[in-house]
Amino acid sequence: MTHDIILKGGRVIDPSQKHDGVIDVAFTDGKVSGFGKDLKGAREIRDVSGYIVTPGLIDLHTHVYWGGTSLGIDADEFCRLSGVTTSVDTGSAGPGNWAGFRKHVIEQSQARILAYLHVSHAGIYGFDHRVMVGESGDLRMMNPIDAVAVADANRDYIVGIKVRVGLHASGTSGTVPLNIALQVANEVGMPLMCHIDHPPPSYEEVIGMLRPGDVLTHAFRPFPNAPATAQGTVKPEVLAARKRGVIFDIGHGKGSFSFKTTRAMLANGFEPDVISSDVHKLCIDGPAYDQVTTMSKFLCMGMSLNNVIAASTVNAAMALKRPEYGSLKVGSLGDATILTIKEGKFDYVDVVGEHLIGDRKFVSEGVVLKGKWWHPKRTSKFPKVAA
Numbered sequence: 001m002t003h004d005i006i007l008k009g010g011r012v013i014d015p016s017q018k019h020d021g022v023i024d025v026a027f028t029d030g031k032v033s034g035f036g037k038d039l040k041g042a043r044e045i046r047d048v049s050g051y052i053v054t055p056g057l058i059d060l061h062t063h064v065y066w067g068g069t070s071l072g073i074d075a076d077e078f079c080r081l082s083g084v085t086t087s088v089d090t091g092s093a094g095p096g097n098w099a100g101f102r103k104h105v106i107e108q109s110q111a112r113i114l115a116y117l118h119v120s121h122a123g124i125y126g127f128d129h130r131v132m133v134g135e136s137g138d139l140r141m142m143n144p145i146d147a148v149a150v151a152d153a154n155r156d157y158i159v160g161i162k163v164r165v166g167l168h169a170s171g172t173s174g175t176v177p178l179n180i181a182l183q184v185a186n187e188v189g190m191p192l193m194c195h196i197d198h199p200p201p202s203y204e205e206v207i208g209m210l211r212p213g214d215v216l217t218h219a220f221r222p223f224p225n226a227p228a229t230a231q232g233t234v235k236p237e238v239l240a241a242r243k244r245g246v247i248f249d250i251g252h253g254k255g256s257f258s259f260k261t262t263r264a265m266l267a268n269g270f271e272p273d274v275i276s277s278d279v280h281k282l283c284i285d286g287p288a289y290d291q292v293t294t295m296s297k298f299l300c301m302g303m304s305l306n307n308v309i310a311a312s313t314v315n316a317a318m319a320l321k322r323p324e325y326g327s328l329k330v331g332s333l334g335d336a337t338i339l340t341i342k343e344g345k346f347d348y349v350d351v352v353g354e355h356l357i358g359d360r361k362f363v364s365e366g367v368v369l370k371g372k373w374w375h376p377k378r379t380s381k382f383p384k385v386a387a
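First residue of the sequence shown: 1, per UniProt numbering; consecutive thereafter.
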C-alpha cells in the first residue's frame, strides 16, 4: 500500500495551492503523500463526496492551558468540535509557568498546540468571572530576561512573544509593556502578538510600534480603539501598518469583535489577514463559541469562501512562519478538516450584543490529524470504502 489513508471525492479548497475542486488527498507517516485525481493504494479510504476538505484549520488565538489557568479550555475537545487541528495558545503561560504548560498540556495533547510566550512572568493568571487582574498592569511582573531564555530553549513549540496592553490588561502603563515585549522579540528573532483593548494606549500608538510580521490581535474590535473612523473609513495609520507588513488578526473572544467595525472595514476592502476565535472559558459558550462560528460570521458578512478558508489556514501558517502548516501540498503536515456549509437562518452575536441573522454556517464534520482519521464521534458519516 502506498498511502495510510485517502480522502476521496471531496471538494478540496487549499488556498496555499490556489486549488478549489474535487480531488483526492492522501496521507502517510503523518504527512500529505498524495494530491490528485483517482488516488489508489491505501490501507484506509474515506468517502468525503459532498463535503469540503481544507488543510487542517489553525486557530491563531486560543487559550488551552487547561487546568493551569482559569481561562484554559481543552484543545482535543476543541479539535473535535471545531475542526481545529492546531491551537495556538496566546500567552496563557509566561516564563514562570511555561514548563508546566509544556509537560502537562502540550506534550499530552493529541491535537497540535503551538504557543506565543507571554512576557509577563506567569502569563494570563487572573482572568475569571470574579477575579480579573491585568497581568501587564504591574511592571514588576514583566520578565524579559527569563522570557528570552525560555523562548530560545523551546523553539519547537514557541512561535513568538505575547503582550497585552490596554486599560483592562495593563492599566495606565501605556506602551511600556509593549516596548519590553518588543525587546524580547528582537532578542530571540521572533514575531510578536499584541493584544489591545481600551485606551491607553491608542490603537494608532500600538500599530505604529509593530514590525513587519508582528500580529495585532483584536484588530476589528469595537469603539473605543477601533480601526475605523466615525465616518466609516479605515484610519490612515491602519493602512500604513498593513503596507508595512503588520498582520491583522481577529481574536474574537469575549470583548473584541464588532459587526459595526467589521462592516466598515469590509466596505473599504480591508479584510482580516487571519480569522481566529480567541476561545477561552469565558467565551466558549458565547459570543465567540469556536473557530467555525467565527469563520461563519465573516462568510455571512461577505468574505468569499476561499478567503475565509485562507484566513484560517495558509495565512495563519505564514504568520507562524511555519509553511508546513495550513497546506495540503505533498510533504506538508498531515492535517485536514472536513466541513459542510449549512443553509438557513442562523443567529450570530458580537461582543456588544448586536445580532446578525446569517444564511450560512460552517459545521466541522471530521478531521485527519497527524495523518490519521481522528473524529470518533462522527466516524459513521464517513465509512471506510474498499481500498
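Every residue, glycine too, gets a C-beta built ideally from N, C-alpha and C.
**OP:** Could you tell me whether the region 273–284 touches the region 8–24, using the rule of 3 or more Cβ pairs below 8 angstroms?
**Re:** no
Subject >> Candidates P15, G41, Y157, W66, of which the one nearest H280 by Cα >> reply: W66
Subject >> Limits of the beta strand (DSSP E) - the one that D76 falls within >> reply: Here D76 belongs to no beta strand (DSSP E); instead the alpha helix (DSSP H) covers 75–82.
Original post:
Unbroken beta strand (DSSP E) runs of length 3 or more, entirely within the region 331–358: which are they?
Top reply: 336–349
Subject >> Of the residues L356, V246, G123, the one placed nearest G213, counting alpha carbons only >> reply: V246
Subject >> Environment of T229 [buried if 16+ CB atoms lie within 10 Å] >> reply: exposed
**OP:** Go through its chain and collect everything with a Cβ distance to L356's Cβ below 6 angstroms, but skip five positions before and after it.
**Re:** F259, Y348
**OP:** List the DSSP bridge partners of S180.
**Re:** Per the sequence shown, residue 180 should be read as Ile rather than Ser. Looking at the DSSP assignment, I180 forms no beta bridge with any residue, so it has no partner.
Original post:
Can you list, in chain order, the residues of its chain whose CB lies under 8 angstroms from that of K381, leaving out five sequence neighbours each side?
Top reply: E365, G366
Subject >> Option in D47, G334, N315, P15 with minimal Cα separation from N306 >> reply: P15
Original post:
Between E354 and the rest of its own chain, which residues show a CB-CB distance below 8 angstroms, the 5 nearest in sequence each way excluded?
Top reply: S258, F259, K260
Subject >> Length of the line joining the Cα atoms of L39 and I23 >> reply: 9 angstroms
Original post:
Helix or strand or just coil, what does DSSP make of I275?
Top reply: coil
Original post:
Rounded to the nearest angstrom, how far is the Cβ of F101 from that of G68, given a contact under 8 angstroms?
Top reply: 6 angstroms
Original post:
Which one or two residues does DSSP pair with A292 in a beta bridge?
Top reply: Here residue 292 turns out to be Val, not Ala, going by the sequence shown. None, per the DSSP bridge assignment.
Subject >> One or two residues paired with T54 in a DSSP bridge >> reply: T337
Original post:
Where does S170 sit, in a helix, a strand or coil, going by DSSP?
Top reply: helix
Subject >> Per-residue burial, V131 [other beta carbons within 10 Å of its own, 16 or more giving buried] >> reply: exposed
Subject >> For M142, the three-state DSSP class (helix, strand or coil) >> reply: strand
Subject >> Reference V159; option with closest CA among G286, S332, G137, A319 >> reply: A319
Original post:
Which residues bound the beta strand (DSSP E) around G10?
Top reply: 3–14
**OP:** List the residues that DSSP assigns as beta-bridge partners of W373.
**Re:** V368
**OP:** Mind the definition here: the region 319–328 touches the region 49–67 only if three or more C-beta pairs lie below 8 angstroms; say whether that holds.
**Re:** yes
Original post:
When you compare only the Cα positions, how much space is there between I207 and R43?
Top reply: 50 angstroms
Original post:
Do you know whose CA, among F27, I5, D4, M1, lies nearest S332's CA?
Top reply: F27
Original post:
The alpha helix (DSSP H) with T175 in it runs from where to where?
Top reply: Here T175 belongs to no alpha helix (DSSP H), and DSSP marks it neither H nor E.
**OP:** Would you tell me roughly how many angstroms separate the C-alpha atoms of residue 388 and G253, rounded to the nearest one?
**Re:** What is shown of the chain runs 1 to 387, which leaves residue 388 out entirely.
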